[in-house]
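According to mature numbering (1 follows the signal peptide of the UniProt record, and there is no 0), the stretch in the sequence shown is residues -22 to -1, 1 to 311, in order. From the three backbone atoms N, C-alpha and C, an ideal C-beta is built for every residue, glycine too.
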Amino acid sequence: MRKLLLAVVAAAVLMAPAVAQAQSPISIKFSHVVANDTPKGKGALKFKELAEKYTDGKVKIEVYPNSSLYKDKEEIEALQLGSVQMLAPSTAKFAPLGIKEFEALDLPWLFKDDETYANAMKGTVGKWLFQKLEAKGISGLAYWDNGFHMVSSNRSLMKPEDFKGLKFRISGSKIADQYFRLMGSIPQIMAFSEVYQALQTGVVDGCENTASNYWTQKFYEVQKDITVSYHAHLQYAVIVNSKFWSGLPPDIRAQLEKAMNEATDYTNSIARQENEDALAEIKKAGKTTLHYLTDADRKAWQEAMQPTYKWAKGRVGQEVLDLVAKELDVKMN
Ligand code: LMR
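Okay, here's the thing in structure tokens:
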């Protein structure tokens, strides 16, 4: 009897870790570089809420906003290594992986408006681009919107000449590098978390970003003039480590996909309003002057930046340009 009892106790002790392991939730680290109070930040928190609900607590999503876990470049490397499972970088940040095609989305004045952008990404372009990531051990789950870029410095930027000689921080796209150069300025790639200080200390003179990022990172505090130019678009790819994702139990993965689809609809539905609200807050703060282009100004910018399209062929390749042109029903030249 005593022997049996001991055997039962021993078996229970031996099995305890297995039981505990079976019960402990699957942990997903979701890292990103912006504030919680932005379209992407809110999208990540919505995904957490829905994913934990649909999997009945079997999955725990840890969201790390504001570059608190990794900065721009490091986060993609960390995803490939499996140190983090989910990210939502701007599509401008894939070139260091050797995938340049996403940069086609950064072409200036490409998307006429929010709807044009959203429809284009639902079509073949979005899927085609995601396939490019697979060879790098990365799977694309969704595209999240963050609207159009404004541009700023400590002088008003109304004519292409106004850009001359100014140093602008860019996030990584060579297309952005090219259009800033065509305006006579000097672009410089820099991690998002370093932009405020670089603007404050004059390491760079200006930058481009969406209103929600200007507001939550307080860039407006250190930039006297913002031009609400909407000259290019900022979009994110929500990505996962492929091995991790395909290794999940199928029922769990299905619930996470459902959560991601709903979080995507939510994020894309709030992006425009979030940016409008942020712009209103910047205006109210009264620290910076907002400028709006006249039709003639816009035309001058468009003409100055136009050679980016020709240059892009050598950078992103004809195939993606053709796909985008077809999707948008426009001519690329
Ligand atoms: C940037 O670096 O400016 C953006 O990618 C930041 C972001 O993720 O919105």
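Residue i, enclosing beta strand (DSSP E) - first and last residue
| i | result |
| --- | --- |
| ARG133 | Looking at the DSSP string, ARG133 is not in any beta strand (DSSP E), and its letter there is neither H nor E. |
| GLN166 | 164 to 167 |
| ILE148 | 145 to 148 |
| GLN213 | 211 to 219 |
| LEU299 | First-last for LEU299: 296 to 306, but that is the alpha helix (DSSP H), not the beta strand (DSSP E). |
Any non-hydrogen atom of the ligand LMR within 8 Å of residue i CB
| i | result |
| --- | --- |
| TYR214 | yes |
| SER68 | yes |
| ASN124 | yes |
| ASP50 | yes |
| LYS196 | no |
| ASN187 | yes |
| THR16 | yes |
| HIS209 | no |
| ALA256 | no |
| GLY21 | no |
| VAL11 | yes |
| VAL173 | yes |
| ASN44 | no |
Cβ neighbour criterion (16 or more within 10 Å) applied to residue i
| i | result |
| --- | --- |
| VAL103 | buried |
| LYS71 | buried |
| VAL294 | buried |
| GLY292 | exposed |
| LYS24 | buried |
| GLY125 | buried |
| GLN(-2) | Confidence is the limiting factor: at GLN(-2) the pLDDT is only 49, short of 50, which leaves the residue's position unreliable, though a coordinate-based value still follows. Looking at its Cβ environment, which holds fewer than 16 other Cβ atoms inside 10 Å, GLN(-2) is exposed. |
| ASN219 | buried |
| TYR270 | exposed |
| LYS152 | buried |
| THR194 | buried |
| SER9 | buried |
| LYS142 | exposed |
| ASP243 | exposed |
| LEU59 | exposed |
| ASN246 | buried |
| ALA263 | exposed |
| LYS20 | buried |
Whole-angstrom C-beta distance between residue j and residue i, which should lie under 8 Å
| i | j | result |
| --- | --- | --- |
| ALA189 | ASN253 | 4 Å |
| ALA82 | LEU299 | 6 Å |
| PHE80 | LEU107 | 6 Å |
| ILE230 | ILE6 | Actually they do not touch by this definition, with Cβ atoms about 10 Å apart. |
| TYR157 | THR286 | 5 Å |
| LYS51 | PRO74 | 6 Å |
Alpha helix (DSSP H) segment containing residue i, residue limits
| i | result |
| --- | --- |
| SER247 | 228 to 263 |
| ILE54 | 50 to 59 |
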